[in-house]
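Asks: Pasting a structure here, questions to come.
Numbering (the working numbering), first residue to last: 126 to 854.
See below:
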């Protein structure tokens, strides 16, 4: 089913793991009959809400990864790049902060927000149950600090029935730590780290929990400063891409009676970067632009979740408001300065842009679910989301009017664009599970949706020469997405599922031509077994069939027009393995491996004019991706409890685009940490990317306005060694 050969590194890791299991010390066999001790040797059960109901992670009929927030904190994790390297099968497709586009199982056709255009991203991101993925275009990505998170859930495969649009390839859920009714808590965490050939990273976070009888309040504040690692030769600035991120949230939990509970969240995060991080040569952390490209993004989320017990049923209401702002200045000299060649004019020495993107999305979901554990359980619900995005952008070429003449470039204005994008998603959904016996169950679900979108565009690109484009276009679509699952729960857990996901259709700004919703079928089977009390194994295989995919292509018709069109098709075959081996008390080995073959299944002509043939690899997805983690508990000095853990990650080579070439070579990364804890404090020494490898984790070819191209690369952070202290009172 998977017609390729894995590369050496992950296979060697798998063989090493098998050898460790086969030749473990005899004392491991003696320990097998005894209960596992707490700590790294304990078989931890993580409860997830992937199906919008509480289930043990290993009993979910689907592939779900859950990473605990405390584990992320201890590892020095900063953002989703650090989270997803622990979950093979997920690619971060790194961009500048708050601009990364994670993809699951190879379901993507573009790797950057600028390449997405007006398309919706293919991976749904949620804070609790509030969707954070923009219905149209990408304003900013919700990339929360790991501090005081309960866990991060990664749901692989389409989640169209319960999560709606955007979850075409999968979904990511940030689950916040909840207010505690039982007592006061105060926790602080500070981290200081040195970055190889750069500066210093510094972060400080604090949490305060206050109970008030039947109410509790939790306040979280954070401040993070990352050293820049890229030199801009054009501006002469070292460490040009410095980052400053400030975040805060207030959560309240209220018991409004024996049968009524209310949770409210107000969250805000501001990220400021001094310059972009993309480089032209992956072997050198250098970029070269005449001016800097600063950006400020603000993400604010407000959520109220009300749960009411109504006899044998639970009514849940989720109300959310999400505001995003993206204000950026970008040096476009290399990309836009060569347009003059097509017009018989000289190149422009400087081109800059100012972009202001503002969005607001209001969501409401109602769910009614059975609460009893009878042979039949069910859930029905309704969902509504209204979103508005405004785009106010201007590109100027200082001195261009004198160079090209005021008649061609009046007041140095290259482009003025004003767009208003509105979308409404309405949906009803239902999910029913039948358990004819204690071990067998079958479930079926369906979502009926109706999407309305409207694009009001005013585009003036070299208006004196090319004129002005204005239109107001509406589009309405409706459809159904089903899911069917069969599961056996015994000494071995087995499941088989068929599911579908979908993504918003829309309208091309340049031409006013619409494009339709695209859908994806997923066929998946998995098994989870525990050959001993010390060993857990999870294996899944899947095939995904993506038809009428939205791709950047020449639109069909008598006149060739570039834009987004439903002419793509792809097939993805893959397998995933996860193993957890508790060698002896206090010693644990975890291994995860993903094998994915994602390729186009139809030929089309892209916006660049290149013919993308059937069988072309999908961008950004390695054929092999694996992580090996070792953990060991020990008794530290001065009565402390210690833990050492290391992780080795391998990411295979990837292509950077469907049509313009570009390759991201394979890379490996080694992280390690040692922690000492006693009573209410923990001290952690950590090192990330100890080999100081410059792995390519993002980037894409860029087509210039004049018809040439160049590649941009985003790299792993250099070797970072630091210390963190956590104190809880």
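Note that the Cβ used here is the ideal one computed from N, Cα and C, for glycine as well. In this text the structure is predicted, and so the values were computed from the model without any measurement.
Which one of 820, 698, 843 has the shortest CA to CA distance from residue 777?
Replies: 820
Asks: Report all residues from its chain with a CB closer than 6 angstroms to the CB of residue 328; omit the five preceding and five following residues, and keep chain order.
Replies: 316, 349
Asks: Is the distance from the Cβ of residue 735 to the Cβ of residue 785 below 8 angstroms?
Replies: yes
Asks: Could you say which of 706, 643, 788 lies nearest to residue 753 if we only look at CA atoms?
Replies: Considering only alpha carbons, the answer is 706.
Asks: Quick one: is residue 308 buried, meaning 16 or more other Cβ sit within 10 Å of its Cβ, or exposed?
Replies: exposed
Asks: At which residue ranges does the stretch 225-255 contain complete alpha helix (DSSP H) runs of 4 or more residues, listed in the order of the chain?
Replies: 238-241
Asks: Since residue 518 and residue 548 should fall inside the 8 angstroms C-beta cutoff, what is the C-beta to C-beta distance between them, to a whole number of angstroms?
Replies: Contact flag wrong, Cβ pair sits at about 20 angstroms.
Asks: Looking only at its chain, what residues have a beta carbon closer than 7 angstroms to the beta carbon of residue 366, apart from the 5 residues adjacent to it on each side?
Replies: 353, 354, 355, 398, 399, 400, 401, 402
Asks: Taking the Cβ atom as the reference point for each residue, do residue 201 and residue 275 lie within a distance shorter than 8 angstroms?
Replies: no
Asks: Please name the residue in 765, 772, 697, 766 whose C-alpha comes closest to that of residue 742.
Replies: 697
Asks: Using only CA atoms, which one of 291, 621, 252 lies nearest to residue 187?
Replies: 621
Asks: For the beta strand (DSSP E) holding residue 538, just list the boundary residues, first then last.
Replies: Element bounds for residue 538: 538-559.
Asks: Between which two residues does the alpha helix (DSSP H) carrying residue 651 extend?
Replies: Counting along the chain, residue 651 falls outside any alpha helix (DSSP H), though it belongs to the beta strand (DSSP E) covering 643-657.
Asks: Check for me: the beta strand (DSSP E) holding residue 572 runs from which residue to which?
Replies: 565-586
Asks: Given residue 430, which residues of its chain have a CB within under 6 angstroms of its CB, disregarding the five upstream and five downstream residues?
Replies: Correct list, in chain order: 388, 443.
Asks: Within a Cβ cutoff of 6 angstroms, which residues of the same chain sit near residue 89, ignoring the five residues on either side of it in sequence?
Replies: Past the edges of the chain, shown from 126 to 854, lies residue 89, and the structure says nothing about it.
Asks: Starting from the C-beta of residue 626, find all residues in its chain whose C-beta is less than 6 angstroms away, skip the five residues before and the five after it, and write them out in chain order.
Replies: 283, 285, 292, 293, 645
Asks: Quick one: residues in its chain with C-beta nearer than 6 angstroms to the C-beta of residue 914, no 5 flanking neighbours on either side, listed in chain order?
Replies: Examination of residue 914 is not possible in this model, given that the chain is present from 126 through 854 alone.
Asks: Would you list the one or two residues that DSSP bridges to residue 769?
Replies: In the DSSP assignment, residue 769 is bridged to 757, 799.
Asks: Tell me which same chain residues have a C-beta within less than 7 angstroms of the C-beta of residue 596, skipping the five on either side of it?
Replies: 582, 637
Asks: Buried or exposed for residue 773, going by 16 or more other Cβ atoms inside 10 Å?
Replies: Under a 10 Å Cβ-count criterion, residue 773 is classified as buried, with 16 or more other Cβ atoms of the shown protein chains found around its own Cβ.
Asks: From the beta carbon of residue 388, is the nearest beta carbon of chain C less than 8 angstroms away?
Replies: Of the chains in the structure shown, none is chain C; there is only one protein chain.
Asks: So, with DSSP's three-state summary, where would you put residue 762?
Replies: The answer is helix: DSSP assigns residue 762 an H, G or I state.
Asks: Counting pairs of beta carbons, one from the stretch 475-483 and one from the stretch 832-851, are three or more of them closer than 8 angstroms?
Replies: no
Asks: Which of the three DSSP states, helix, strand or coil, is assigned to residue 288?
Replies: helix
Asks: Pull up the CB-CB distance for residue 504 and residue 555, whole angstroms please, since I reckon it's below 8 angstroms.
Replies: 7 angstroms
Asks: Pick helix, strand or coil for residue 199, following the three-state DSSP scheme.
Replies: In the three-state DSSP reduction, residue 199 falls in the helix class (H, G or I).
Asks: Going along the chain, which residues of its own chain have a beta-carbon closer than 6 angstroms to the beta-carbon of residue 542, five neighbours each way excluded?
Replies: Taking C-beta separations shorter than 6 angstroms and ignoring five residues to either side along the sequence, the partners of residue 542 in its chain run 518, 584, following chain order.
Asks: Starting from residue 786 and walking both ways along the alpha helix (DSSP H), at which residues does that stretch end?
Replies: Where residue 786 is concerned, there is no enclosing alpha helix (DSSP H), given that its DSSP letter is neither H nor E.
Asks: So residue 500 packs on residue 559, CB below 8 angstroms; how close in whole Å?
Replies: That pair is a contact at about 7 angstroms.
Asks: With DSSP run on the structure shown, which of helix, strand or coil describes residue 275?
Replies: strand
Asks: Suppose contacts are defined by Cβ-Cβ distances below 8 angstroms. Is residue 370 in contact with residue 301 by that definition?
Replies: no
Asks: Give me the Cα-Cα distance between residue 203 and residue 320, rounded to the nearest whole angstrom.
Replies: Approximately 14 angstroms, taken between the alpha carbons.
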